[in-house]
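Right, one structure below, let's go through it.
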Amino acid sequence: MGRNISSKFLGIVIEQQTKRWSFFLFYIPLLQIIPINEGLTCVGDELYRNDYRFLGVRLWKGRIRVRRQCIQMFISNQLERKLGEVLCLDPHIITKLQTLMQGLDSESVQTINRILARAKYSYLTKQTLTFNLTQEEQNQIYRIQREFYPNIIKFADDAYFYNGYWVSSSHLEVGVFWHKHSMHLFKHLDKIAQGHILDVGGFTGDSAIVLQEYTNKKVYTFEATQGNFQKILRTIELNKSNKIIPIQKALGSKTEKIYINLNGSASSFVAHHGNDSEEVEVITLDSYIAEHNIQVSLIKVDIEGFEMEFLKGAKQTIVQQKPAMILSIYHSPSDFLEIKPLIESWNLGYRFKIHKAVDETSLIEVALYCEVD
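Residues are numbered in the numbering used here as their position in the sequence shown, beginning at 1, plus a constant of 8.
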């Protein structure tokens, strides 16, 4: 049932139902404005037009208009609730949060505030959606739904196109192709352009083809699994790139062989292997840099919760070269709370920013941006 409100003005009864107006005189409809549904757009917006009627007879029909769908944001069942549980149950959480936020700019603190509020809400209510978005988030999601997803074109099972980029998979991420890893957050892009970029967690080569625009040198992309590595090779081929060097190895804290649980972009290391796992070779970044004598200007890391192990095997490179870094910190509460303090404890002069590029999720792709002035 729609909302029905009636009022009287100079003997004329004005009746408003939801999205509909009627003007009555002696119970005779003088004028009616009636919205007529014309279907939905490809992204779920309602198409409608108004019919203008006098004494029940149509005078004219209005032009078709678009009514926005309600913008919402997805909350991960796993990630937010794990963080929410820590927020509610960890007796040391206040100290940990104070340490995390120390020295951060106001935007980073606001980002953390929203993440914590949504994580706690998810944990307490078990909800998987939130409509409590800022106006900026609503506007950006609205644009993404209309300007990003509809413009991804499939040409073959291993050939997708968006805005000048060819990708070997249908999985095109908003953070990579729409936000371009938020590279604008770095103050010294000119310095980044002078060195090599490391893409740790190469997936399908999606990040590599975007990041190659930010360097005059090479992009070294590390991907452990055979399936994803083949997709990287195809992406390089599609884009005819000679700036991307693919390496089929994982980066961790020591040289070893370990099993990785296969799950596309979310493949992760596990202690025991099963039917959907693959044995991969792990090396340290420090050993690779020493062997190949590479000057690194930027490191991007997204390896599904293995970031701490990566940092242990990359400390020498980070200490000596002080590259800019984009480190994923959303895979676990410990990553979110402890990666920044760890790097901070090395006293290298890094300036930090915690950033969540707007997409349709509340925590996924939260990253720590590190740069030495």
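All C-beta atoms, glycine included, are put in the ideal place defined by N, C-alpha and C.
Would you tell me roughly how many angstroms separate the C-alpha atoms of residue i and residue j, rounded to the nearest one?
i: Leu-376; j: Ala-167; result: 31 Å
i: Gly-357; j: Asp-381; result: 8 Å
i: Ile-5; j: Lys-69; result: Nothing can be reported for residue 5, as the shown portion of the chain is limited to 9 through 381.
i: Tyr-222; j: Ser-215; result: 11 Å
i: Glu-379; j: Ile-123; result: 23 Å
i: Pro-341; j: Leu-39; result: 60 Å
i: Ile-253; j: Asn-355; result: 31 Å
i: Glu-373; j: Val-184; result: 10 Å
i: Lys-195; j: Ala-332; result: 10 Å
i: Ile-42; j: Tyr-60; result: 7 Å
i: Lys-262; j: Ser-295; result: 9 Å
i: Asn-140; j: Arg-126; result: 9 Å
i: Lys-361; j: Ser-116; result: 6 Å
i: Glu-88; j: Ser-336; result: 15 Å
i: Ile-200; j: Asn-224; result: 9 Å
i: Val-175; j: Met-191; result: 20 Å
i: Ile-244; j: Ile-205; result: 16 Å
i: Val-51; j: Asn-159; result: Residue confidence is low: Val-51 scores 46 on pLDDT, short of 50, so the model does not pin down where it sits. No coordinate-derived value is stated.
i: Val-309; j: Ser-353; result: 19 Å
i: Ile-347; j: Ile-291; result: 20 Å
For residue i, which of helix, strand or coil comes out of DSSP?
i: Gln-40; result: strand
i: Ala-201; result: helix
i: Lys-128; result: helix
i: Phe-31; result: strand
i: Glu-144; result: helix
i: Lys-225; result: coil
i: Glu-383; result: This structure does not reach residue 383, given that the chain is present from 9 up to 381, and the question cannot be answered.
i: Thr-233; result: coil
i: Asn-121; result: helix
i: Glu-264; result: strand
i: Ile-255; result: strand
i: Lys-162; result: strand
i: Arg-71; result: coil
i: Ala-322; result: coil
i: Thr-212; result: coil
i: Phe-344; result: helix
i: Phe-185; result: helix
i: Leu-112; result: coil
i: Ser-249; result: coil
i: Val-278; result: Residue placement at Val-278 cannot be trusted, given a pLDDT of 45 that sits under 50; what the coordinates show is reported in the next sentence. Val-278 falls in the coil class under three-state DSSP.
i: Gln-303; result: coil
On the criterion of 16 or more Cβ atoms from any shown chain inside 10 Å, does residue i qualify as buried, or is it exposed?
i: Ile-114; result: As written in the sequence, residue 114 is Ser, which differs from the Ile given in the question. Classification for Ser-114: exposed.
i: Asn-236; result: buried
i: Tyr-228; result: buried
i: Ser-178; result: exposed
i: His-300; result: exposed
i: Gln-86; result: exposed
i: Gly-298; result: This sequence places Ala at residue 298; Gly is not what is there. Under this definition Ala-298 is an exposed residue.
i: His-100; result: exposed
i: Ala-365; result: buried
i: Lys-265; result: exposed
i: Lys-248; result: exposed
i: Glu-287; result: exposed
Using DSSP bridges, identify the partner residues of residue i.
i: His-363; result: Ala-375
i: Lys-308; result: Asp-207, Ile-334
i: Thr-103; result: Its beta-bridge partners do not exist; DSSP assigns none.
i: Glu-289; result: Lys-265
i: Trp-354; result: DSSP lists no partner for Trp-354.
i: Val-218; result: Answer is none; Val-218 lacks a bridge partner.
i: Ala-167; result: Ala-164
i: Val-380; result: Tyr-358
i: Val-175; result: Tyr-168
i: Phe-62; result: Leu-39, Val-65
i: Thr-369; result: Phe-82
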